[in-house]
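Asker: Going by this note's numbering, the first residue of the sequence shown is number 1, and it counts up by one from there.
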Amino acid sequence: MDDLKSIYHFELLVVSGAPKVQTRQALYVLKKLGFSSHYVVDTIGFSGGFWIIWNENLVNDFF
């Protein structure tokens with residue numbers, strides 16, 4: 001992910017149909033991605049959730 005961030009310089013990432021993992025595992029993955037803030041909608045049944053991940057210092061007033 002660091003390689004992608006350094007190439008494309010993105011500060012916001014949205015993952016739709018996020019992997020079906022427990023919240024604790026999701027938070028671990030989100031922390032490893034290196035963004036400062038996140039919003040997670042958990043999976044329900046067979047549908048995947050979504051993750052919105054951003055760097056707070058460059059994306060303001062998101063929610």
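Using N, Cα and C, we set each Cβ at its ideal position, and we do this for glycine too. What you are looking at is a predicted structure, and each value in this text was computed from that prediction instead of being measured.
Taking 7 Å as the line, does the beta carbon of Q22 fall inside it for any heavy atom of the ligand GDP?
Answerer: As for the ligand GDP, it is missing from this structure, which has no ligand bound.
Asker: At the level of alpha carbons, what is the spacing between L13 and V40?
Answerer: As a first step, residue 13 is located in the sequence shown; it is residue number 13 there, counting from the start. As a first step, residue 40 is located in the sequence shown; it is residue number 40 there, counting from the start. Cα to Cα, L13 sits roughly 12 Å from V40.
Asker: Just the C-alpha distance for V29 and E56, rounded to the nearest angstrom, thanks.
Answerer: The residue labelled residue 29 in the question sits at position 29 within the sequence shown. The residue labelled residue 56 in the question sits at position 56 within the sequence shown. Using only the alpha carbons, I get a separation of about 18 Å.
Asker: Hey, how far is the Cα of F10 from the Cα of W51?
Answerer: To locate residue 10, count along the sequence shown from 1; it is residue 10. To locate residue 51, count along the sequence shown from 1; it is residue 51. C-alpha separation (whole angstroms): 15 Å.
Asker: For S37 and I44, what's the separation of their Cα atoms in angstroms?
Answerer: In the sequence shown, counting from the first residue as 1, residue 37 sits at position 37. In the sequence shown, counting from the first residue as 1, residue 44 sits at position 44. The alpha-carbon atoms of S37 and I44 are separated by roughly 23 Å.
Asker: How would you write the range of the alpha helix (DSSP H) that L58 sits in, first residue to last?
Answerer: Here residue 58 refers to the residue found at position 58 when the sequence shown is read from its first residue. That residue, L58, is in no alpha helix (DSSP H); it is neither H nor E in DSSP.
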